[in-house]
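Here's the structure we're looking at; comments come further down.
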Amino acid sequence: MNRWRRLTLRSRLSLLAAAAVAVAVVGVSAGAWLVVRAELYRQLDVQLDTDARTIAAQPDRWRDAVPPRLPDENYGRGPGPGGPRHFEHDIGPRWQLLDPTGTPYGAGTGPGLLPVLPVTPAARAVAGGDRRDARERIGIGWSDYRMLTVPAAGGGAVQVAVATDPVDRTLGQLGLLLAAVGLAGIVGAALLGRSVARAGLAPVERLTRAVEHVTVTKDLQAAIPVDGEDEVARLARSFNAMLGALDSSRAAQRMLVEDAGHELRTPLTSLRTNIELLVRAEATPGRTLSAEDRSRLLGDLEVQVVELTQLTNELVELAREDPGPVPVEAVDLSEVVASAVERVRTRGAGIVFDTRLAAVTVAGRPAALERLVLNLLDNAAKWSPAGGTVDVRLTGTGAAATLTVADRGPGIDDEDLPRVFERFYRALSARSMPGSGLGLAIVAQAVEQHGGTVTAGRAATGGALLTVTLPVSGPEAGPGGGSGASPWAGPGGGTGGGQDSSEVLRKPVGGP
Numbered sequence: 001m002n003r004w005r006r007l008t009l010r011s012r013l014s015l016l017a018a019a020a021v022a023v024a025v026v027g028v029s030a031g032a033w034l035v036v037r038a039e040l041y042r043q044l045d046v047q048l049d050t051d052a053r054t055i056a057a058q059p060d061r062w063r064d065a066v067p068p069r070l071p072d073e074n075y076g077r078g079p080g081p082g083g084p085r086h087f088e089h090d091i092g093p094r095w096q097l098l099d100p101t102g103t104p105y106g107a108g109t110g111p112g113l114l115p116v117l118p119v120t121p122a123a124r125a126v127a128g129g130d131r132r133d134a135r136e137r138i139g140i141g142w143s144d145y146r147m148l149t150v151p152a153a154g155g156g157a158v159q160v161a162v163a164t165d166p167v168d169r170t171l172g173q174l175g176l177l178l179a180a181v182g183l184a185g186i187v188g189a190a191l192l193g194r195s196v197a198r199a200g201l202a203p204v205e206r207l208t209r210a211v212e213h214v215t216v217t218k219d220l221q222a223a224i225p226v227d228g229e230d231e232v233a234r235l236a237r238s239f240n241a242m243l244g245a246l247d248s249s250r251a252a253q254r255m256l257v258e259d260a261g262h263e264l265r266t267p268l269t270s271l272r273t274n275i276e277l278l279v280r281a282e283a284t285p286g287r288t289l290s291a292e293d294r295s296r297l298l299g300d301l302e303v304q305v306v307e308l309t310q311l312t313n314e315l316v317e318l319a320r321e322d323p324g325p326v327p328v329e330a331v332d333l334s335e336v337v338a339s340a341v342e343r344v345r346t347r348g349a350g351i352v353f354d355t356r357l358a359a360v361t362v363a364g365r366p367a368a369l370e371r372l373v374l375n376l377l378d379n380a381a382k383w384s385p386a387g388g389t390v391d392v393r394l395t396g397t398g399a400a401a402t403l404t405v406a407d408r409g410p411g412i413d414d415e416d417l418p419r420v421f422e423r424f425y426r427a428l429s430a431r432s433m434p435g436s437g438l439g440l441a442i443v444a445q446a447v448e449q450h451g452g453t454v455t456a457g458r459a460a461t462g463g464a465l466l467t468v469t470l471p472v473s474g475p476e477a478g479p480g481g482g483s484g485a486s487p488w489a490g491p492g493g494g495t496g497g498g499q500d501s502s503e504v505l506r507k508p509v510g511g512p
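For the sequence shown, UniProt numbering begins at 1 and goes up steadily by one.
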């Protein structure tokens, strides 16, 4: 088995083709040989029957005829049936008359003469009337005979024998011919099978060379040529798709590293500068910083460390493109949103959150959903003016849950809308604002992992409107979540007149 596995696929296909042809050839040849053998012996038996019945019908007419016989010195010699053949002896039918006692009579018989045919017990039984007939195979001289004994008219019996040498010779020649043809067919099948295997495996060979080329060169853009619509073509297309996905992943990874390095350089440089300034001031006599300058410098260091920590956490979160085998669970999205609102309220600057949340359950990862909502709310709070209001709506419509967050800030310019969810993208107006440009990218990634969609637009209040749609799990929504109308369609948010599952929060940050 191990030796078979070490063979190439081409060799295995060739051997299998040869084996299949060999089985077919052996079966057909054996069947043909047996059919021909049966037919030849049938014809021999027909000849025996005809000759025996002819003589038995008029035994007196054949009484004085001298039957053919071997010379006395050859009588009884030879191995008999199954022995070696000497075809130069005695070819043709032989016959002999027997009286009721089984004794040969007629011309060619008498004292001192051997019988033409051997008188077997079966032949004596037929002559005595104890058997209907007797078919036997005997050996005379160097030849085999088929002998038939039948009752004769008036009593006694007739023996007729025909040599089987011509039939055996014909069968031997036929066997050699079939063996030669079969062997040629097997060899031809092996050669043809190898050619067919080579032609059939040519696309696989090209695919193998292409894969080896990609392995050596690391060139993920080297597409494999696709010909036809067969299984190999499907394999090539799948491999091209895999190469494309790997190339996109590598490009995204490279971009992430480059962008991360760029974004980390600024806070690290600022942090290093401030630390060096603080160290020099402490090490140089007479240049001690004032308490105010020292406090300001330490405050800057704290802000930069917090910014660097936040940026690192966002990079780690964003690098998790595949959440892995983390199991999902049913999550009450309204509770997640309410908890996130409370957390952001404590970090804002007098921001008021107007929330109307329907009881909606989705299937997902609680930590990822919480991060998603926090980033949406942090983004809205960052762009809202002091004391401004952020509208948060959660509704359930059919098989989807919709979360919308609208602020009253400057909004998003039309040319920036298509790129707000890209990594590290920051609009021109946002360059002076704190942040890394990763928050909405993390939102988009989390939404995609949960099978939802996220869009950005302009709210009726003039600020940014971010809409997240997620598939629900179990009962879709509570009484207030079934309208399907936009929460910005009418006064007060327009939830379709349903009841809210949580109270409206209108407490400014820092309030009691």
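C-beta: ideal position from N, C-alpha, C; glycine also. All values reported here derive from a predicted model rather than from experimental measurement.
**Report entry** Distance between R137 and S143 (C-alpha atoms, nearest Å)
**Finding:** 11 Å
Query - Alpha-carbon spacing of V150 relative to V35, whole angstroms - result: 27 Å
**Report entry** E229 (DSSP reduced to helix, strand or coil)
**Finding:** coil
Query raised in the report: Since P151 is in the alpha helix (DSSP H), which residue starts that stretch and which ends it?
Result: Segment 143 to 151 is the beta strand (DSSP E) holding P151; no alpha helix (DSSP H) there.
Query raised in the report: When you compare only the Cα positions, how much space is there between L289 and R296?
Result: 10 Å
Query raised in the report: Do you know offhand how far A122's Cα is from A157's?
Result: 11 Å
Query raised in the report: Going straight from the alpha carbon of residue 529 to that of R371, what length do you get?
Result: There is no way to answer for residue 529, as the model of the chain reaches only from 1 to 512.
**Report entry** D130 classed as buried or exposed, judged by whether at least 16 other C-beta atoms fall within 10 angstroms
**Finding:** exposed
Requested in this report: Tell me whether the beta-carbon of A338 lies closer than 9 Å to the beta-carbon of V362.
Outcome: no
**Report entry** Bridge-paired residues (DSSP) for R131
**Finding:** For R131, which the question treats as bridged, DSSP gives no partner whatsoever.
Query raised in the report: Of the choices G462, T402, A358, A399, whose alpha-carbon is the least far from that of D413?
Result: G462
Query raised in the report: Thinking C-beta only, is V405 closer than 9 Å to L465?
Result: yes
Query raised in the report: Exposed or buried, what is A459 when buried is set at 16 or more other beta-carbons lying within 10 Å of its beta-carbon?
Result: buried
**Report entry** Where E413 falls: helix, strand or coil (DSSP)
**Finding:** What sits at residue 413 in the sequence shown is Asp, not Glu. The answer is coil: DSSP assigns D413 none of H, G, I, E or B.
Requested in this report: Please go through the same chain and pick out, in chain order, the residues whose beta-carbon is closer than 8 Å to the beta-carbon of P59, but skip the five residues on each side of it.
Outcome: L97, A152, A153, G154, G156, V158
Query raised in the report: By DSSP, does T215 sit in helix, in strand, or in coil?
Result: helix
Report task. State yes or no: is the C-beta of L470 within less than 9 Å of the C-beta of G439? Result -> no
Query raised in the report: Applying the criterion that 16 or more other CB atoms from any shown protein chain within 10 Å of the CB defines a buried residue, is R132 buried or exposed?
Result: exposed
Query - Proximal residues to A444 (C-beta, below 7 Å), its chain only, five neighbours per side dropped - result: F421, V454
Query raised in the report: Grouping DSSP H, G and I as helix and E and B as strand, with all else coil, what is D407?
Result: coil
Query - For P366, the first and last residue of its enclosing beta strand (DSSP E) - result: No beta strand (DSSP E) holds P366; the alpha helix (DSSP H) holding it covers 366 to 383.
**Report entry** Helix, strand or coil at A180 according to DSSP, with G and I counted as helix
**Finding:** helix
Query - In DSSP terms, what V331 is bridged to - result: V362
Query raised in the report: Looking at the structure shown, is A386 part of a helix, part of a strand, or coil, going by DSSP?
Result: coil
Query raised in the report: Thinking C-alpha only, which one of P385, A283, L278, T284 is nearest G299?
Result: L278
Query raised in the report: What do you reckon, is the C-beta of A30 under 8 Å from a heavy atom of the ligand HEM?
Result: Of the ligands one can find in the structure shown there are none, so the ligand HEM has no counterpart to examine.
Query raised in the report: Hey, how far is the Cα of A18 from the Cα of A30?
Result: 18 Å
Query raised in the report: So, using beta-carbon positions, are R10 and R198 closer together than 9 Å?
Result: yes
Query raised in the report: Looking at C-beta atoms only, is the number of pairs between the stretch 389 to 399 and the stretch 343 to 357 that lie closer than 8 Å three or more?
Result: yes
Query raised in the report: Given a threshold of 16 other Cβ atoms within 10 Å of its Cβ, counted over all protein chains shown, does S238 qualify as buried or as exposed?
Result: exposed
Report task. For the beta strand (DSSP E) holding A163, just list the boundary residues, first then last. Result -> 157 to 163
Requested in this report: Just confirm the distance between the C-beta atoms of V160 and D51, as a whole number of angstroms; I'd bet it's less than 8 Å.
Outcome: 5 Å
Query - Three-state secondary structure assigned by DSSP to R458 - result: strand
Query raised in the report: In the structure shown, what three-state DSSP assignment does P118 receive?
Result: coil
**Report entry** Best match in D219, E205, M242 for proximity to V232 [C-alpha to C-alpha]
**Finding:** E205
**Report entry** Residues bridged to I140 [DSSP beta-bridge criterion]
**Finding:** S143
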